[in-house]
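Under the numbering used here, the sequence shown has 332 at position 232, and the numbering climbs by one with no breaks.
Worksheet: one structure, shown below.
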Amino acid sequence: MGWIKTADDYFTGANAQLEHHGVQYIIDTMVEALKRNRERKFTYAEVGYLTRWIETRTQAEVNDLISLVQNGQLEFSGGGWVQPDEGASHYIDLIDQYTLGLRKLNATFGTTCGHPKIGWQLDPFGHSREHGNILAMLGYEALYVARIHHLEQDVRVKEKRLEFNWYPSDENPSRKLFTGSLINLYTDPPTFCFDADCVDPPVVANPKFDNYNVDDVIARLKAYVEGFRIGTQPHKHVFMPMGSDFHYQAAEKNFRNMDNLIKVVRNKTDYNIFYSTPACYTKAVQEAGVAWTNKTAPDFFPYASGTHSFWTGYFTSKPACKGLIRQSSNIMNAMRTFNAYALPSNRNEHNTPEEKVERACGLAQHHDAVPGTCKEHVTQDYNYRLLQGWTAAEGVFQESLQAISQKAKKNNQQFPAQTFCRYLNESSFNPFHS
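The following block contains the structure:
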C-alpha cells in the first residue's frame, strides 16, 4: 500500500504516468470473474485496500464479495491492514495492524469463513522470528515467505527443505509455525503469465484457431513441474502461484487462460491440476506424511538477493519517518489508555477518530513505508496521514480528559483545551542582516 505511488493513488489508479494500476479495478474484475465459474479461486491479503473497496461500493457489490468468501472461492491470507515489514517495525505496531485488519474481516465476513489461517509475507525484505511468533500466537497455521538469503535458499532447494517447521518462541519451545519459502519469489511460472501486463502466449485450446498450442503448453508445464519443481521438494504437491504485483486488473483474461490450462492438462496428462489456495495446499502437504525439518535458529536476516546484494540499508534509512511512526504509535496507545479510564458511553471499536490513528499507523507498517523504500512523495503522504491522526487523537484526548475530570470532581466543568506542541524539537532564530 504505497511504493511508487501513494496508497490512495494505487487504489484509484490516479497518477497513471507513474504507475498505471488501480487496485479497485482488480477487486471489481476479480469478483466478476469468480462469479462466472464456481471452480475459480482467488487469494487476497491486504485489508487496507479491501476496506477502501467495501466503503466505496454498493451493498449489492459487497454482498457478492461476502458470498464468494462464504462459498470458499475467495480466501484471505495475511489479513493485516498491510503486508508488514519485519525488520524496522516494532512488535506492538505489528500486532496493532493485524488487529485492525482482522477486526475488519470479522465485522464484514464473520469469524469463521473470513478469518485467515495462513501468513502471507512474500515481499518483505527478510523475515523475523518475532513476527513468526506473533502469527503463531494469533492462531495462524502456516506462513509463506519469498525473500530469504540466496545462499540459504540454494541450500534449501538442494536439500528439499524449502518447507519446514519453524519454532520462533523462546518462552514456549513447543510453539511452531509451518513455513514455506517460495521458489520463484511470488510470480507466475516462467512463460505462464496470463495477465494483461504480460506477453506470454495464451493457452489456445481450440484446434480451429491458428496458434493452437496445447502440445507446447503441456511440454512447458511438464518441464517446469518435473524438471524444476519436483526435485526441490519431498512430496508431489506443486504450489504454483499465478499472479504478481498489481495483476488481475483485467481478471477474466487471467482466469480464462487458467481455465484452458486446467482443461487441456487434465485431458492430456495424468496431472491432477486445479484451482487452490494456500490453506488448501497447507492441509494437503501436512497430510502427505513428510518428516519435516525444524528451524529454531534466529531470523532470516539479513536478506541478500545475490552476491554483494544485501538489503540492509532500510534498517536506518529515512530516520525522521521511522521516528514519527514510533511517536504516533505511542500516541495511539496513550489515547487508548485514556479512553479506557474515561469509559465513554458512545465509543466502540469502529469510532472514526480512534480508527483514523489506527489506519495511519497500520499503513505505516507496510514493507515499503517504515523501511523507507518508497518514493519521497509517498513518504510525505505517510507522514501527512500520521499527523492527521495526531489531530484526531487530540480530540479523543480532550474528550477523555474532560470525562475523567468531570467524574472525579462530580461536575460538568469544561476541561482546558489540550493540544500537542508539534514544534517541540525545533529552534527559531532571527535571520542575520548585513
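Using N, Cα and C, we set each Cβ at its ideal position, and we do this for glycine too.
Have a look at H347, F438, Q502, W266 and flag the residue whose alpha-carbon is nearest the alpha-carbon of W392.
W266
Leaving out five residues on either side along the sequence, give the residues of the same chain with a beta carbon under 6 Å from the beta carbon of E230.
Y191
Taking only runs that begin and end inside the segment 274-323, name each unbroken beta strand (DSSP E) of 3 or more residues, in chain order.
277-281
Determine the DSSP secondary structure at Y144, reduced to helix, strand or coil.
strand
Are the beta-carbon atoms belonging to G462 and G148 less than 8 Å from one another?
yes
Name the residue from G102, Y144, V123 whose alpha carbon lies nearest to the alpha carbon of P378.
Y144
Considering only the beta carbon of each residue, do F111 and R152 sit closer than 8 Å?
yes
For V325 and V303, believed in contact at Cβ under 8 Å, the rounded distance:
So it is not a contact: roughly 16 Å between Cβ atoms.
In or out: R366 buried (at least 16 other Cβ within 10 Å) or exposed?
exposed
Tell me the DSSP secondary structure of F374 in three-state form.
coil
Starting from E175, trace the beta strand (DSSP E) in both directions and tell me its first and last residue.
174-176
Look up T199 in the DSSP assignment and say whether it is helix, strand or coil.
helix
Evaluate D481 with the Cβ neighbour count: other Cβ atoms within 10 Å of its Cβ, from every protein chain shown; 16 or more gives buried, anything less gives exposed.
buried
Segments of 4+ residues assigned as alpha helix (DSSP H) that fall wholly inside the segment 354-411
378-386
Helix, strand or coil: which one does DSSP assign to G239?
coil
Taking the alpha carbon of F225 as the point to measure from, which residue in Y240, V496, F401, M130 has its own alpha carbon closest?
F401
What separation, rounded to the nearest whole angstrom, lies between the Cα atoms of R275 and N313?
49 Å
Given that a residue counts as buried once 16 or more other Cβ atoms are within 10 Å of its Cβ, and exposed if not, what is A508?
exposed
Could you tell me whether the segment 488-496 touches the segment 208-218, where touching means 3 or more Cβ pairs closer than 8 Å?
no
Nearest to A166 (by Cα), restricted to the options L134, L222, D223, V457
A small fix is needed here, since residue 166 is Ile in this sequence, not Ala. It is L134 whose Cα lies nearest to the Cα of I166.
Looking at the strands, I want to know which residues DSSP matches up with P184.
H466
Smallest Cα separation from R485: which of A503, L501, Q465?
Q465
If you drop the 5 nearest sequence neighbours on each side, which residues of the same chain put their C-beta closer than 7 Å to that of P398?
R229
So, using beta-carbon positions, are M101 and E146 closer together than 8 Å?
yes
Determine whether the beta carbon atoms of Q197 and G172 lie at a separation below 8 Å.
no
Entirely enclosed beta strand (DSSP E) segments - the segment 119-144, minimum 3 residues:
142-144
In three-state terms, what does DSSP make of G556?
As displayed, the chain neither begins before 101 nor continues past 534, which places residue 556 out of reach and without an answer.
Taking C-alpha atoms, which residue in E252, R426, F278 lies nearest to N233?
F278
Integer-rounded CB distance, given that T129 should sit under 8 Å from E352
7 Å
Using the three-state DSSP reduction, which class does Y267 fall into: helix, strand or coil?
coil
To which residues of the same chain is L424 closer than 7 Å at the C-beta, ignoring the five residues directly before and after it?
N483, L486
For the beta strand (DSSP E) that G219 lies in, which residues bound it at each end?
218-221
Between the alpha carbons of N206 and H215, how many angstroms are there, rounded?
7 Å
My understanding is that V385 touches E263, with C-beta atoms under 8 Å, so please give their C-beta distance in whole angstroms.
7 Å
Do L501 and Q514 count as a contact pair if the criterion is CB distance below 8 Å?
no
Could you check where the alpha helix (DSSP H) with M435 kicks off and where it finishes?
419-442
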